[in-house]
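**Q**
Residue numbers (the UniProt record's numbering), protein chains in the order written: chain Z, 1 to 351; chain X, 1 to 317.
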């Protein structure tokens, strides 16, 4: 047990360092960043915002990590969010209770996930194409449910899921941390995680070893659909309305990025859900820097791209190898004697 | 032959009395249904056509110019009397407009203009986005009446023309009033959820007590921001004045509840003035002005917003 905790800590060290750096950047642009007080019956502060606003990405990346571990990808999660939000909103508008709406939305998400799973596992369509179908069609489905409008609702139970609090903590934070812990525990304390990894590494041989890869694949996509549905309900509840056009728009890309920042390979195999969740928080911290810095919005995407590029470069195998070599060569790294004299730059040549 | 001509002349002479418009067929190429406002524009256009007894042929382009061009060509082939287009982009219309002109079919542009020679279309009915921003700014100048006011701004999608023009108009209006200052400005992508997220960060970065007013480039962002203000324990409309643009039903509801102070209407009724111009042109060849500006009406708490809400809520917003 102690050994595995140590292993986990070693696995997520890079993500923790990057997260600390991203939070430090927040403090630099806004010194009161960590200040939290209790206002209007809820915790109120920037760090709470990061945890709360990162909830949709965090929920998506739980499912996405599992899908990517099987060497797949799920592009449809943003659209599934819109469908689930629209389902929940239309159910409460029709007079059903919040619990019925939640179950209805989750069931819709499960159906969407199973659809993807069947396309990938049974019909053997490549995951990126199979899920692209729902990514494109899903928003249309959501618009059919809302009839093209922003479907607003006032059901207090449903609103509490997105904008409410539990013991002063925003509900969305509680939901993603609990679900993340549960799934991480479920895949690591059973053989499930290993089976998923084996499919990602070599599906044929894992099937020959007796793993029912088809059922497992469908289940993995189904879980991704469920996570997306939950995120969709939270996003709709947060604004008290289902916005079929904009809910979860481009969020599938943030979720994939979170998984990648979490150090998981897009080629499948070994994965860590906790690292992905840290990845989601890193992305949200970067968003927070942009909002707090007060820079004109024209810079938003450029700043985000530069910071993300920096993070990915630091994590790249080449840089970690160089870092390893630097450390191995001792405190005073010697210049490489075998290399010829330094190359002349074009400026020197012209002189 | 002679009797026939007399009869025909009689029919033509009687036609205006019997409702000349009853025989009009007009094609309408709509962009799609990307927003509530767009859906309302479609509903109002259909209503306007029905009231006038016009047979409206409706084509939804699903955000694609090629679909619009196809629709216009099919309208020309069907020999419609006039064409309404809400163009999805500004360029690439010359050829198809030329075809309509050759077929003697007048074209009226709705809501957006195009980069084409002016003689290729009858007129364009649009709102003036800069003017809308101007009205919003002027309202705030009058409202604070010389008191100091720190404003936060929720911009539309970065680089979009409504965002640029509404920002410009507002800045023009508050220029020269040193008591008004925009302290933070960030994009909320015209959506409720981003409006809420960005307002949350404004409230923390500036401190809720230091913000006097919010200017949002559309109502959806303002509605999201209202929720953020409430969650921070402040009273929207009282502690922070809120002015935005579009006048969608939910904004009227917020005005009626005292959670918002003003909104400027972007009317979904572009078809009314467009059909007026087209009917006049078809009846006796009256050339309208090349640009018909729709009214940018200011709604405040003084108006009967509950009634406007009831009227607007079924338009498809």
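Ideal Cβ placement from N, Cα and C applies to all residues, glycine included.
All of these numbers come straight from a predicted model, not from anything done at the bench.
Report the three-state DSSP secondary structure of residue 313 of chain Z (helix, strand or coil).
**A** Here residue 313 of chain Z refers to the residue found at position 313 of the first chain. In this structure, residue 313 of chain Z counts as helix in the three-state DSSP scheme.
**Q** Return the residue from the list X:62, X:63 and X:225 that minimises the CA-CA distance to residue 241 of chain X.
**A** For this step, residue 241 of chain X is matched to residue 241 along the second chain. Of the listed residues, the one whose Cα sits closest to residue 241 of chain X is X:225.
**Q** I'd like the span of the alpha helix (DSSP H) that includes residue 172 of chain X, first residue to last.
**A** Working through the second chain from its first residue, we reach residue 172 of chain X at position 172. First-last of the alpha helix (DSSP H) with residue 172 of chain X: 161-174.
**Q** With a CB to CB cut of under 8 Å and the five nearest residues on each side skipped, what residues in its chain are close to residue 318 of chain X?
**A** Because chain X here runs from 1 to 317, residue 318 of chain X falls outside it and cannot be looked at.
**Q** Any beta carbon of chain X sitting closer than 9 Å to that of residue 243 of chain Z?
**A** As a first step, residue 243 of chain Z is located in the first chain; it is residue number 243 there, counting from the start. Chain X contact via Cβ: present.
**Q** Give me the Cβ distance between residue 292 of chain X and residue 264 of chain X, rounded to the nearest whole Å; I'm assuming they're in contact under 8 Å.
**A** Numbered from its first residue, the second chain carries residue 292 of chain X at position 292. Numbered from its first residue, the second chain carries residue 264 of chain X at position 264. The pair is not a contact, with the Cβ atoms about 18 Å apart (cut-off 8 Å).
**Q** Given 8 Å as the limit, is there contact between the region 92-109 of chain Z and the region 153-162 of chain Z, that is, 3 or more CB pairs closer than that?
**A** The region 92-109 of chain Z is in contact with the region 153-162 of chain Z.
**Q** Near residue 132 of chain Z, what residues of its chain come up, given a Cβ to Cβ distance below 8 Å and the 5 sequence neighbours on each side ignored?
**A** Position 132 of the first chain, counted from the start, is the residue given in the question as residue 132 of chain Z. Correct list, in chain order: 75 and 76.
**Q** Establish whether the CB of residue 231 of chain X and some CB of chain Z are separated by less than 9 Å.
**A** Along the second chain, one-based indexing puts residue 231 of chain X at 231. Output row for residue 231 of chain X: interface = yes.
**Q** Determine which residues share a DSSP beta bridge with residue 180 of chain X and list them.
**A** Translated into the one-based positions of the second chain, residue 180 of chain X becomes position 180. Paired residues: X:149.
**Q** Determine the direct distance from the alpha carbon of residue 260 of chain X to that of residue 201 of chain Z, and round the result to whole angstroms.
**A** Taking the first chain and counting its residues from 1, one reaches residue 201 of chain Z at position 201. Taking the second chain and counting its residues from 1, one reaches residue 260 of chain X at position 260. When rounded, the distance between both Cα atoms is 57 Å.
**Q** Consult DSSP for residue 263 of chain Z and reduce its assignment to one of helix, strand or coil.
**A** As a first step, residue 263 of chain Z is located in the first chain; it is residue number 263 there, counting from the start. Three-state result, residue 263 of chain Z: coil.
**Q** For a test of the three-state rule: what should DSSP assign to residue 304 of chain X, helix, strand or coil?
**A** The residue given as residue 304 of chain X occupies position 304 in the second chain. If DSSP states are grouped into helix, strand and coil, residue 304 of chain X belongs with coil.
**Q** With distances taken from CA atoms, which of X:70, X:39 and X:29 is nearest residue 56 of chain X?
**A** Along the second chain, read from residue 1 onward, the residue named residue 56 of chain X stands at position 56. Among X:70, X:39 and X:29, the Cα nearest to that of residue 56 of chain X belongs to X:29.
**Q** Of all the CB atoms in chain Z, is at least one closer than 9 Å to the CB of residue 250 of chain X?
**A** Along the second chain, read from residue 1 onward, the residue named residue 250 of chain X stands at position 250. Cβ-Cβ to chain Z under 9 Å: yes for residue 250 of chain X.
**Q** Between residue 312 of chain X and chain Z, is there a C-beta pair that is closer than 9 Å?
**A** Residue 312 of chain X sits at position 312 when you count from the first residue of the second chain. No - not a single Cβ of chain Z is within 9 Å of the one on residue 312 of chain X.
**Q** Quick one: which chain X residues come within Cβ less than 7 Å of residue 254 of chain Z?
**A** The residue given as residue 254 of chain Z occupies position 254 in the first chain. Going along chain X, no residue has its Cβ under 7 Å from residue 254 of chain Z, so there is no contact; the nearest lies around 13 Å.
**Q** Say whether chain Z places a C-beta atom closer than 9 Å to the C-beta of residue 165 of chain X.
**A** Numbered from its first residue, the second chain carries residue 165 of chain X at position 165. Chain Z contact via Cβ: absent.
**Q** Starting from the Cα of residue 122 of chain Z, find the closest Cα among Z:215, Z:20 and Z:23 and give me that residue.
**A** Start at 1 with the first residue of the first chain, and residue 122 of chain Z comes out as number 122. Considering only alpha carbons, the answer is Z:215.
**Q** Give the single residue among X:283, X:103 and X:198 whose Cα lies nearest to the Cα of residue 190 of chain X.
**A** Taking the first residue of the second chain as position 1, residue 190 of chain X is located at position 190. Out of X:283, X:103 and X:198, X:198 has the C-alpha closest to the C-alpha of residue 190 of chain X.
**Q** Going by DSSP, which residues form a beta bridge with residue 383 of chain Z?
**A** This structure cannot speak to residue 383 of chain Z, because chain Z is shown only from 1 to 351.
**Q** Can you tell me which of X:95, X:295, X:84 and X:110 puts its alpha carbon nearest to the alpha carbon of residue 117 of chain X?
**A** Counting from one through the second chain, the residue named residue 117 of chain X turns up at place 117. Nearest of X:95, X:295, X:84 and X:110 to residue 117 of chain X, Cα basis: X:95.
**Q** Return the residue from the list X:268, X:250 and X:290 that minimises the CA-CA distance to residue 307 of chain X.
**A** Looking up residue 307 of chain X in the second chain gives position 307. Per the Cα distances, X:250.
**Q** With distances taken Cα to Cα, identify the nearest neighbour of residue 68 of chain Z among Z:196, Z:248, Z:294 and Z:234.
**A** To locate residue 68 of chain Z, count along the first chain from 1; it is residue 68. When only C-alpha atoms are compared, the closest one is Z:196.
**Q** If I measure Cβ to Cβ from residue 9 of chain Z and keep anything under 6 Å in the same chain, skipping five residues before and after, which residues do I get?
**A** Position 9 of the first chain, counted from the start, is the residue given in the question as residue 9 of chain Z. There are no such residues.
**Q** Taking only three categories from DSSP, how would you classify residue 155 of chain X?
**A** On the second chain, position 155 is the one that residue 155 of chain X refers to. Residue state, collapsed to three classes: strand.
**Q** Would you please verify whether the beta carbon of residue 189 of chain X is less than 9 Å from any beta carbon of chain Z?
**A** As a working note, residue 189 of chain X is residue 189 in the second chain. Taking Cβ atoms only, chain Z reaches closer than 9 Å to residue 189 of chain X, which makes this a yes.
**Q** Since residue 65 of chain X and residue 27 of chain X should fall inside the 8 Å C-beta cutoff, what is the C-beta to C-beta distance between them, to a whole number of angstroms?
**A** Walking along the second chain from the start, residue 65 of chain X turns up at place 65. Walking along the second chain from the start, residue 27 of chain X turns up at place 27. So it is not a contact: roughly 16 Å between Cβ atoms.
**Q** Compile a chain-ordered list of the residues in the region 136-158 of chain Z whose CB is closer than 9 Å to at least one CB of chain X.
**A** Within the region 136-158 of chain Z, the residues whose Cβ lies closer than 9 Å to some Cβ of chain X are 143, 147, 148, 149, 150 and 152, listed in chain order.
**Q** Could you please tell me which residues of the region 37-61 of chain Z, in chain order, have their CB closer than 8 Å to any CB of chain X?
**A** Against chain X - using a Cβ distance shorter than 8 Å - the residues of the region 37-61 of chain Z are 39, 40, 42, 44, 45, 46, 49 and 53.
**Q** How would you call residue 127 of chain Z, buried or exposed, if buried means at least 16 neighbouring beta carbons within 10 angstroms?
**A** As a first step, residue 127 of chain Z is located in the first chain; it is residue number 127 there, counting from the start. Answer is buried; the Cβ neighbour count reaches 16.
**Q** Please determine, among Z:46, Z:53 and Z:210, the residue with the shortest C-alpha to C-alpha distance to residue 254 of chain Z.
**A** What you label residue 254 of chain Z is simply residue 254 of the first chain in a count that begins at 1. Considering only alpha carbons, the answer is Z:53.
**Q** Label residue 397 of chain X either buried or exposed according to how many other C-beta atoms from any shown protein chain fall within 10 Å of its C-beta, with 16 as the threshold for buried.
**A** Nothing about residue 397 of chain X can be read from this structure; chain X reaches only from 1 to 317.
**Q** Does the region 217-235 of chain Z come within contact of the region 55-63 of chain Z, defined as at least 3 CB pairs closer than 8 Å?
**A** Touching, per the Cβ criterion.
**Q** Report yes if the C-beta distance between residue 36 of chain X and residue 248 of chain X is below 9 Å; otherwise report no.
**A** Position 36 of the second chain, counted from the start, is the residue given in the question as residue 36 of chain X. Position 248 of the second chain, counted from the start, is the residue given in the question as residue 248 of chain X. In this structure, residue 248 of chain X lies closer than 9 Å to residue 36 of chain X by Cβ.
**Q** So residue 198 of chain X contacts chain Z; which residues on that side make the cut at Cβ distance below 8 Å?
**A** For the purposes of this step, residue 198 of chain X is identified with residue 198 of the second chain, where counting begins at 1. What residue 198 of chain X touches in chain Z: 291.
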